[in-house]
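Residue numbers (our numbering), protein chains in the order written: chain U, 184 to 477; chain C, 351 to 956.
From the three backbone atoms N, C-alpha and C, an ideal C-beta is built for every residue, glycine too.
Because the structure is a prediction, the values reported are computed rather than measured.
Below, the structure is given as structure tokens:
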């Protein structure tokens, strides 16, 4: 492996990692605040991506499409909360987990009805696809660079939001003890709802940012969901910062896996890492191990 | 008479109907399409009856059963095709491969909580899918492999023969899963999914049962996989895909989660209905999604739940439950016959001593329990009091093995028990209750007591699965004992009610009864009367006094000073994890340290 290839793999990994980071961060948020995993969130984001694509096909400017896409996925997050998570989140794990999966399927089918199963070309967010930056002999397109920068910027901003805004404090309070938070006058259902909307919006941003170089397919949501979930678990479901690190590690590992092994085995690296993690540190890289109260 | 009653039990009627249809439908119908659907239904049922026990009854949600299914199918097919093995050994090898896969998966998932178990099984199915998909030279890759008909000797198993084999095996799995549900093992599994902490306190070896049920379900998955390969004469990697694994869960939720009829209803719906609405072909995913959401929101028990609701609306008081409900008068008679004979000890009525020596436990920097010594002797009520946060419950958790101890030793009759597992400690005769009245909601009152008998019953998974006479006799005996205990505390008339409908006082009584049902030598009660009224408190205390007179040692943690003073022979006081006093009620009442700890200054209990 030449040095250029090595750098290229790292850069590719960072890009994939940025997308996983946004998606995994959404999972971690929901888990921390409401102890639920919303399996529909990635498809909500994907739906937003398709709304954006649709609007650009209608000759609207790209930023209009992006905003509309983000709004659409937020709306789907809201609907998921009203339909599934709010009624079911206090019952058994299987109810909300499979409920989210059902919504995931419904959104996927809707997209299939609308666009079919083909892969769609997505316009470059910076106007020109060919813009690249050379690092030694390796190249990275500006779109990819944008994804890496924006993803980690968003995570950084959200961390600030958590620490310094009222909504962030309400979310942290709900995460810590929902009953106590409710007694302090926090509308915890509203907090959970905003968390779900936020996580869907994060997925939409992730998907729109990676769309220029991965294209959009109506059935791609499931794979991305699984990868995001793995990033979240490897980082530790209760650790917001852990997911960013885990997503990068996962992305780079996958990128090297893609280069070093024949096609088709790339995902084995991801899942191998998951299994290794679950066997050795089920709470994740940065998760805390909690002594169970009885 | 008894035989007649058994005969008319509703689940048996359905069993006979299913048997009859299995025997006659293939004979009567020459229609190849119906035969095909029938066989497919049977295969799904075989898989789901095992999966139901694992995912629904025991709550071990797995997304990897598609992988186990594919493992069975591919192992068998490849052994016949590439290895030239005869069919029967390769079919057995296929099932065996699934078993091994299940064992590996269960071992790796050891100790993982619901969601993480889901993820590790997902990974298993996915990896297997990728291997089958990418290893084209061996497995045929994505297009799949056509399968030649199975042959035993020179005799070819065609569709009709296979249907009989499938029908027989489906019946077998129905009987097995029904037996398991109605046995000691089924009760333990339900307790694990309803409230794992209760299962631990009742002496259930939770890890072992999770493992066993996973492997049993892997067996059924492998069996179904082998049958599927030879019935449809085709295998492809999608058998192992996550979609397949998810579809099992979806079928089960729609059919009836954790119900014995769920797999039947689900597999019929999933296989047969779409085949009659072929024009909806590409819309089925959408339709399943909508049905699934409706079921989740409106009838968490699935189609079976809807059906039983309709029956109860029609005043047909038939309930689809796990334990057969005897008729009212019969129940009364049964109860009248039984009088509880008091605690029967493991090894006669020998005195017992539990010594806690220098035990410490730290949480982070907090010394929750610090160098505490205690001795609990049989036949007396020993109380532990102390202000909030003084480490009382932590001490109980240390004694009963719920927390590992940091320092010191706990000795029962000269034998160290602080390194034993929770269920082993229950086996030795230490039984406990919890502060918050921990009961298994969703199980009836009788089952909640019978789960306490678990550690005294001996039938293993084999006798449970095949309902041997030993298992049935043991089940009957423990039911009698549980009923007599319920009668002793006055809960017998509610024996067949759902435990979650009980009031607060009754829940606490039920918990005590469950603890007593384990035949304890030392009964450890963690705040058994908090939030009860004064009369209720005195009634409970009266029962405790009776129990201790019969030789049971009682270790009582309680805030209600009056009650403690009234019943205890010896009282220990904890404050900030340290034992500050020990002695008779009078002594404690006048102890300066205790008064300071409780009242903050010199004062007096009134």
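Residue burial classification, residue i (beta-carbon count within 10 angstroms, cutoff 16)
| i | result |
| --- | --- |
| residue 937 of chain C | exposed |
| residue 501 of chain C | exposed |
| residue 840 of chain C | exposed |
| residue 346 of chain U | exposed |
| residue 381 of chain C | exposed |
| residue 274 of chain U | exposed |
| residue 726 of chain C | buried |
| residue 444 of chain C | buried |
| residue 813 of chain C | buried |
| residue 884 of chain C | exposed |
| residue 943 of chain C | exposed |
| residue 187 of chain U | exposed |
| residue 445 of chain U | exposed |
| residue 362 of chain U | exposed |
Pairwise C-alpha distance: residue j and residue i
| i | j | result |
| --- | --- | --- |
| residue 617 of chain C | residue 367 of chain U | 48 angstroms |
| residue 319 of chain U | residue 194 of chain U | 12 angstroms |
| residue 702 of chain C | residue 762 of chain C | 8 angstroms |
| residue 576 of chain C | residue 385 of chain C | 18 angstroms |
| residue 528 of chain C | residue 610 of chain C | 7 angstroms |
| residue 600 of chain C | residue 526 of chain C | 23 angstroms |
| residue 473 of chain C | residue 596 of chain C | 13 angstroms |
| residue 484 of chain C | residue 630 of chain C | 33 angstroms |
| residue 477 of chain U | residue 214 of chain U | Note on residue 477 of chain U: pLDDT 44, under 50, position unreliable in the model; no value is reported. |
| residue 675 of chain C | residue 709 of chain C | Summary for residue 675 of chain C: the model assigns pLDDT 47, below 50, so the residue's position carries little reliability; its value from the coordinates is reported in the next sentence. Their Cα atoms are separated by approximately 47 angstroms. |
| residue 458 of chain U | residue 836 of chain C | 47 angstroms |
| residue 896 of chain C | residue 608 of chain C | 40 angstroms |
| residue 542 of chain C | residue 313 of chain U | 58 angstroms |
| residue 470 of chain U | residue 421 of chain U | 6 angstroms |
| residue 229 of chain U | residue 392 of chain U | 11 angstroms |
| residue 263 of chain U | residue 323 of chain U | 37 angstroms |
| residue 497 of chain C | residue 439 of chain U | 38 angstroms |
| residue 418 of chain C | residue 448 of chain C | 5 angstroms |
| residue 656 of chain C | residue 662 of chain C | 10 angstroms |
| residue 683 of chain C | residue 833 of chain C | Only weak support is given to the placement of residue 683 of chain C: the predicted model assigns it a pLDDT of 46, under 50, and the question is left unresolved by the model. |
| residue 826 of chain C | residue 478 of chain C | 45 angstroms |
| residue 424 of chain C | residue 816 of chain C | 29 angstroms |
| residue 451 of chain U | residue 441 of chain U | 10 angstroms |
| residue 785 of chain C | residue 750 of chain C | 14 angstroms |
| residue 353 of chain U | residue 460 of chain U | 31 angstroms |
Paired residues, beta bridge with residue i - DSSP
| i | result |
| --- | --- |
| residue 734 of chain C | C:907 and C:922 |
| residue 506 of chain C | C:501 |
| residue 317 of chain U | U:322 |
| residue 584 of chain C | C:496 |
| residue 709 of chain C | C:722 |
| residue 933 of chain C | C:921 |
| residue 875 of chain C | C:906 |
| residue 398 of chain U | None; residue 398 of chain U has no bridge partner. |
| residue 899 of chain C | Its beta-bridge partners do not exist; DSSP assigns none. |
| residue 704 of chain C | C:726 and C:762 |
| residue 928 of chain C | C:925 |
| residue 717 of chain C | C:712 |
| residue 848 of chain C | C:794 |
With a threshold of 8 angstroms, are at least 3 pairs of Cβ atoms found where one atom belongs to the segment 268–288 of chain U and the other to the segment 229–236 of chain U? No, the segment 268–288 of chain U is not in contact with the segment 229–236 of chain U.
With three or more C-beta pairs closer than 8 angstroms as the rule, is the segment 559–571 of chain C touching the segment 472–492 of chain C? Not touching, per the Cβ criterion.
What alpha helix (DSSP H) runs, 4 residues minimum, are completely inside the segment 251–314 of chain U? With a minimum length of 4 residues, the unbroken runs of alpha helix (DSSP H) contained wholly in the segment 251–314 of chain U fall at 276–298.
Validate contact between the segment 790–798 of chain C and the segment 842–862 of chain C using beta carbons, cut 8 angstroms, 3 pairs: When C-beta atoms of the segment 790–798 of chain C are compared with those of the segment 842–862 of chain C, three or more pairs fall below 8 angstroms, so the two segments count as touching.
Within 8 angstroms, do at least three Cβ pairs link the segment 641–648 of chain C to the segment 266–273 of chain U? Yes, since at least three Cβ pairs between the segment 266–273 of chain U and the segment 641–648 of chain C fall closer than 8 angstroms, the two stretches touch.
Check whether the segment 287–306 of chain U touches the segment 396–403 of chain U, taking contact to mean three or more Cβ pairs, one atom from each stretch, closer than 8 angstroms. The segment 287–306 of chain U, when compared against the segment 396–403 of chain U, does touch it at the 8 angstroms Cβ threshold.
Does the segment 920–931 of chain C come within contact of the segment 709–720 of chain C, defined as at least 3 CB pairs closer than 8 angstroms? They touch, by the three-pair rule.
Can at least three beta-carbon pairs, one atom from the segment 891–903 of chain C and one from the segment 804–813 of chain C, be found at a separation below 8 angstroms? By the Cβ test, the segment 891–903 of chain C is not in contact with the segment 804–813 of chain C, since fewer than three Cβ pairs between them sit closer than 8 angstroms.
Do the segment 726–740 of chain C and the segment 906–923 of chain C meet, that is, are 3 or more Cβ pairs less than 8 angstroms apart? Yes, the segment 726–740 of chain C is in contact with the segment 906–923 of chain C.
Tell me whether the segment 186–206 of chain U and the segment 313–331 of chain U touch, counting them as touching only if at least three CB pairs, one residue from each stretch, are closer than 8 angstroms. Yes, the segment 186–206 of chain U touches the segment 313–331 of chain U.
Mind listing, in chain order, the continuous beta strand (DSSP E) runs of no fewer than 3 residues lying wholly within the segment 760–824 of chain C? Counting only runs of 3+ residues, the beta strand (DSSP E) found wholly inside the segment 760–824 of chain C occupies 780–782, in chain order.
At 4 residues or longer, and completely inside the segment 560–615 of chain C: list those alpha helix (DSSP H) runs for me, N to C. List check, alpha helix (DSSP H) in window: 592–605.
Where are the beta strand (DSSP E) runs, 3 residues long or more, that stay fully inside the segment 356–396 of chain U, in chain order? The segment 356–396 of chain U contains no complete beta strand (DSSP E) run of 3 or more residues.
Answer yes if the segment 536–552 of chain C comes into contact with the segment 397–411 of chain C, meaning at least three C-beta pairs across the two stretches below 8 angstroms, and no otherwise. Yes, they touch.
The segment 576–586 of chain C touching the segment 623–640 of chain C, judged by at least three CB pairs closer than 8 angstroms: Because the criterion of three Cβ pairs below 8 angstroms is not met, the segment 576–586 of chain C and the segment 623–640 of chain C do not touch.
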